[in-house]
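In what follows, a structure is listed as C-alpha cells, so that the remarks can point back to it.
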Amino acid sequence: MNWTVLLFWGFALPVLASPPEAWPYWPEYAKTPLSEIQPQAWRTTDDVIDGWDWSMPTEVQPAPNSLMGLQRMIGLNKPIQKIETHFPVNAVTLHWINWRDIEPEEGVYRWDLVKARIEETRAQGSDSVLRILTSAKAMGKNGSYSREKGAAPRWLEKYDIPSHVEKEGANNENYEVSHPEFHKRYIALIESFGKSGIPQMLRAAYVGYASPSFGDEGIGPDGDPHVIERLDAWGLAFQGLENRVFMGGPSEYGFKKGFGVRRGFVEMYLYTLPDENIGQTIDENGYVVVDENSPVLRRNPFHGEVNEEYEEAWATAERGFRFGKTTDSFAYRYFCANLRLLQMRCSYVHNKDTIVPELLPFVALELGRTVEDTPDIWCFMRESYLRKYGAAKNWERWLYQRDSDGFETEPAVQIEHPIKMWMVEKNRSYDYIARSGKRIGLAIDDRWCGGKPVDVAIKITYFDIGKGKVQMSAGRQKRTIKLTGSGKLKTATYFLKNAVFSAKNMEYDIVFRGLEVEAVISFVRVIRVGEV
Numbered sequence: 200m201n202w203t204v205l206l207f208w209g210f211a212l213p214v215l216a217s218p219p220e221a222w223p224y225w226p227e228y229a230k231t232p233l234s235e236i237q238p239q240a241w242r243t244t245d246d247v248i249d250g251w252d253w254s255m256p257t258e259v260q261p262a263p264n265s266l267m268g269l270q271r272m273i274g275l276n277k278p279i280q281k282i283e284t285h286f287p288v289n290a291v292t293l294h295w296i297n298w299r300d301i302e303p304e305e306g307v308y309r310w311d312l313v314k315a316r317i318e319e320t321r322a323q324g325s326d327s328v329l330r331i332l333t334s335a336k337a338m339g340k341n342g343s344y345s346r347e348k349g350a351a352p353r354w355l356e357k358y359d360i361p362s363h364v365e366k367e368g369a370n371n372e373n374y375e376v377s378h379p380e381f382h383k384r385y386i387a388l389i390e391s392f393g394k395s396g397i398p399q400m401l402r403a404a405y406v407g408y409a410s411p412s413f414g415d416e417g418i419g420p421d422g423d424p425h426v427i428e429r430l431d432a433w434g435l436a437f438q439g440l441e442n443r444v445f446m447g448g449p450s451e452y453g454f455k456k457g458f459g460v461r462r463g464f465v466e467m468y469l470y471t472l473p474d475e476n477i478g479q480t481i482d483e484n485g486y487v488v489v490d491e492n493s494p495v496l497r498r499n500p501f502h503g504e505v506n507e508e509y510e511e512a513w514a515t516a517e518r519g520f521r522f523g524k525t526t527d528s529f530a531y532r533y534f535c536a537n538l539r540l541l542q543m544r545c546s547y548v549h550n551k552d553t554i555v556p557e558l559l560p561f562v563a564l565e566l567g568r569t570v571e572d573t574p575d576i577w578c579f580m581r582e583s584y585l586r587k588y589g590a591a592k593n594w595e596r597w598l599y600q601r602d603s604d605g606f607e608t609e610p611a612v613q614i615e616h617p618i619k620m621w622m623v624e625k626n627r628s629y630d631y632i633a634r635s636g637k638r639i640g641l642a643i644d645d646r647w648c649g650g651k652p653v654d655v656a657i658k659i660t661y662f663d664i665g666k667g668k669v670q671m672s673a674g675r676q677k678r679t680i681k682l683t684g685s686g687k688l689k690t691a692t693y694f695l696k697n698a699v700f701s702a703k704n705m706e707y708d709i710v711f712r713g714l715e716v717e718a719v720i721s722f723v724r725v726i727r728v729g730e731v
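In C-alpha cells:
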C-alpha cells in the first residue's frame, strides 16, 4: 500500500491511496446550489429503486426547535441574501460580528448596527443566529498576526492584557480572557447586550471562549469562577429565553441554566465516540448506544454541529490534503457526517456545501426530534473500529439491531477511509456499511408506537448479492425481496396497514430471513404514514 504523510492540526496523518471506485454508492463530487435542491419524491406504492431512499411523506414538517444554518455573514457590510429553498426547513442566517465593531470606543455600544443586520435578514425571510467574536486581538498564521484583523476592540491594548497561550500555527492571537481587565469589560459587553433587546430578536446566540482557530470556540475551564461569571451574564441577558443560548463546549453549569451546545467537527464523523455529555456510549457488545438522560439530551436544548470542509481546496497541498488528495471520498464523508449528527440527536446544523442533494431535505425534517414526535425511526447497520474501544456498531434512531442466538450477523461491504483518522484502530482505516446474516433481527423502541396498530412504510436498503429471496416479517405481516445478483445497492419499500409491533424491549419486531442466501442489509427505516 502506498502511504503519503500529511500534517493535520499537529497530527501526522498518512493518506491511504484508494481508487475513485472505492466509494461507488455515492455521487461524484459536485456542489448543488441550494435553490436547486428538491426532496426525494415520496412514492405511495411498494417498489424497489436503485440507491438510497431519503424520501418522507409530503405532510411532514420540520420540528419547531430545529434550525439549519444555510447562510453565514461575517461582519456588517456584505448584503444579506434571500435563502431560496424548495423543501421544508427552518433556515437561519448566521451573523458573526466582531466586538470591535459593536464597541468601537469603550462604553459606546453600536447595537443599532446589529439590529439593522437582523432586520435586514428578516426582510429577506430568514431568522438570525448571532455569534459575537471577542477574544482575538489579531489574526494571521504561524506567528504573523495582523492587529487590523482582530475581533477584540483596539482600545483594549492600553490595559496591557497578556496573550492567551496557544499552540504553534494558531490562526489567532487571543487575549487571556481570564485576565481581570479583559473579563470586566467582557461582562459589561454582555450586560449591555442583554439590555439592547436583541436577545428577543434572535433564534439563538453563541457563547464561546478562546480558540487558536477562527472564532471564540470552547467554553473555558468548567467551574472556574470567571467562566461561571461569563455564563451568569449570558443567563441574565437571555432571562426567560435561556434555551436560545448555545455554548462552544460542554459545561454542566451552563447545561443547568438551560443552555445548549454546538461542536463543529462532524465531518470527522467518528470523533465523539464516546461522549458522556451527549449520551454517546459503547456497550459491552460494541453497539453505539444513546443515553437520553445525558446532560444535553435530557433537557432537549439547542444541540448542534457544523458540517463543512467539502471545498475542492481541502484536497490541495495548500490545505494539507486534509481529507485526501482528491475529492472522491467527499460525498461519502458528507453522507456519514449527516447521518452521524442525526444519530447524535442534533437539533441544529450549519451546512456549508451540499454534495448529496437528496440528503439535505431529509436532515431538515429529522433535526430536533424525540421519540415522541419523530415521523420515522431508523437503523444504519455499520461498523468501525476505534483505537481505545474496538468495534463501534450501528448508528440508530429508535430502531435497534442486535445479535442473539440464531440471529448472528457479520459486518459487510468495506469502505476505505481516505486518510487515517487518529481515533481509528491501527490498520483498520475502513468502515463496514452493512451487516450480513441468515437472520437479522431489529427492535422498535416501545415508546414509538406503543404496540398499537400503525400504518407504516418500511424502507430496506440492501445489497443485491446472490440469487434468492429475503423474507421480511414485520409484526405479523410478511414481504419478500427478490435478489438478482446484480451487486447493486437498492432500496425496497413496503407499505403495511395496521402493523402491530408488540415485542418488548430488545425482542424483535422486524426480522429478515435469507432464503437460499444471506441477507446483506445496510439501512432500515420505518415511517409513519397518514399522520402529520
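Residue numbers for the sequence shown follow our numbering, beginning at 200 and rising by one.
Beta carbons are placed, not taken as given, at the ideal position from N, Cα and C, and that holds for glycine.
Model, not experiment: these values are computed from the prediction.
Please classify residue 382: does DSSP put it in a helix, a strand, or coil?
Helix.
Answer yes if the stretch 356-375 comes into contact with the stretch 431-441, meaning at least three C-beta pairs across the two stretches below 8 Å, and no otherwise.
No, because fewer than three Cβ pairs between the stretch 431-441 and the stretch 356-375 fall closer than 8 Å, the two stretches do not touch.
How many Å lie between residue 215 and residue 614 at the Cα?
Any reading at residue 215 must be qualified, since the residue scores a pLDDT of 44, below 50, and its modelled position is unreliable; the value itself is stated next. Going from the Cα of residue 215 to the Cα of residue 614 covers about 12 Å.
For residue 550, does the three-state DSSP call read helix, strand or coil?
Assigned with DSSP and collapsed to three states, residue 550 falls in strand.
Output the distance between the C-alpha atoms of residue 557 and residue 462, rounded to the nearest integer angstrom.
In this structure, the straight-line span from the alpha carbon of residue 557 to that of residue 462 is close to 24 Å.
Contacting residues, own chain, Cβ-Cβ under 6 Å from residue 221 (five flanking each side not counted):
Closer than 6 Å at the Cβ level, and outside the excluded window around residue 221, lie 615.
Please look up how many angstroms separate the CB atoms of residue 381 and residue 372, rounded, as I've assumed it's under 8 Å.
That pair is no contact at about 13 Å.
Nearest residue (CA-CA) to residue 447, options 370, 626 and 412:
Relative to the Cα of residue 447, the nearest Cα in the group 370, 626 and 412 belongs to 412.
Taking the CB atoms as reference points, tell me whether residue 661 and residue 720 lie closer together than 8 Å.
Yes; because the gap between Cβ atoms is below 8 Å, this pair is in contact.
Cα-Cα separation between residue 536 and residue 583, rounded to whole angstroms:
Going from the Cα of residue 536 to the Cα of residue 583 covers about 14 Å.
Helix, strand or coil, according to DSSP, for residue 400 in the structure here?
Residue state, collapsed to three classes: helix.
Any chain C beta carbon closer than 8 Å to residue 604:
The structure shown contains no chain C, having only a single protein chain.
Completely contained alpha helix (DSSP H) runs for the stretch 435-460, where each covers 4 or more residues
As far as the stretch 435-460 is concerned, its whole alpha helix (DSSP H) runs of at least 4 residues are 451-455.
Contact check, residue 693 vs residue 641, beta carbons under 8 Å:
No.
Among residues of its own chain, excluding the 5 on either side of residue 208, which ones have a beta-carbon nearer than 6 Å to its beta-carbon?
Its pLDDT being 33, under 50, residue 208 is placed unreliably in this model, and the value from its coordinates should be taken loosely. Contacts found: none.
What do you get for residue 528, buried or exposed, if any count of 16 or more other CB atoms within 10 angstroms of its CB means buried?
Residue 528 comes out buried.
Cβ separation of residue 668 and residue 688, assumed to be a contact under 8 Å, to the nearest whole Å:
At roughly 18 Å, the Cβ-Cβ gap does not stay under 8 Å, so residue 668 and residue 688 are not in contact.
Please list the segments of the beta strand (DSSP E) lying wholly inside the stretch 455-531, counting only runs of 3 or more residues, in order along the chain.
Within the stretch 455-531, the complete beta strand (DSSP E) runs of at least 3 residues are 459-461, 479-481, 487-489 and 502-506.
Decide if residue 494 is buried, meaning its Cβ has at least 16 other Cβ atoms within 10 Å, or exposed.
Per the 10 Å Cβ criterion, buried.
Nearest neighbour of residue 675, chosen from 604, 322, 650 and 302 [CA to CA]
Taking only the C-alpha atoms, the option nearest residue 675 is 650.
Whole angstroms are fine: how far does the CA of residue 542 sit from the CA of residue 725?
About 15 Å.
Can you find the residues in the same chain that come closer than 8 Å, C-beta to C-beta, to residue 496, ignoring five residues on each side of it along the sequence?
Excluding sequence neighbours, residue 496 sits near 477, 478, 489, 490, 502 and 544.
Distance, Cα to Cα, residue 332 vs residue 659?
Rounded to whole angstroms, residue 332 to residue 659 spans 46 Å at the Cα level.
Kindly indicate which three-state DSSP category residue 630 falls into: helix, strand or coil?
Judged by DSSP in its simplified three-state form, residue 630 adopts strand.
Give the secondary structure of residue 371 by DSSP, where H, G and I count as helix, E and B as strand, and everything else as coil.
DSSP places residue 371 in strand when its eight states are reduced to three.
With DSSP as the reference, label residue 320 as helix, strand or coil.
The answer is helix: DSSP assigns residue 320 an H, G or I state.
Are at least three pairs of beta-carbons, each pair with one atom in the stretch 451-462 and one in the stretch 413-423, less than 8 Å apart?
Flag = yes, the stretch 451-462 and the stretch 413-423 touch.
Whose CA, out of 505, 367, 568 and 306, lies closest to the CA of residue 647?
Nearest C-alpha to residue 647: 568.
C-alpha gap between residue 573 and residue 565, whole angstroms
Going from the Cα of residue 573 to the Cα of residue 565 covers about 7 Å.
Residues in the same chain with beta-carbon distance under 7 Å from residue 402, minus the five sequence neighbours each way, listed in chain order, please.
So the qualifying residues of the chain are 266, 291, 326, 327, 328 and 443.
If you reduce the DSSP assignment to three classes, tell me which class residue 716 lands in.
Judged by DSSP in its simplified three-state form, residue 716 adopts coil rather than helix or strand.
Please return the same chain residues whose Cβ sits closer than 7 Å to the Cβ of residue 539, not counting the five positions on each side in sequence.
Take residue 539, set aside five residues on each side of it, and the residues of its chain with a beta-carbon closer than 7 Å to its own are 465, 468 and 594, in chain order.
Continuous beta strand (DSSP E) stretch holding residue 577: start and end
First-last of the beta strand (DSSP E) with residue 577: 575-585.
For a quick check, are the C-beta atoms of residue 723 and residue 577 less than 8 Å apart?
Pairing residue 723 with residue 577 gives a Cβ-Cβ distance under 8 Å.
In whole angstroms, give me the CA-to-CA distance for residue 671 and residue 706.
Rounded to the nearest angstrom, the two C-alpha atoms are 16 Å apart.
Applying the criterion that 16 or more other CB atoms from any shown protein chain within 10 Å of the CB defines a buried residue, is residue 345 buried or exposed?
Burial call: exposed.
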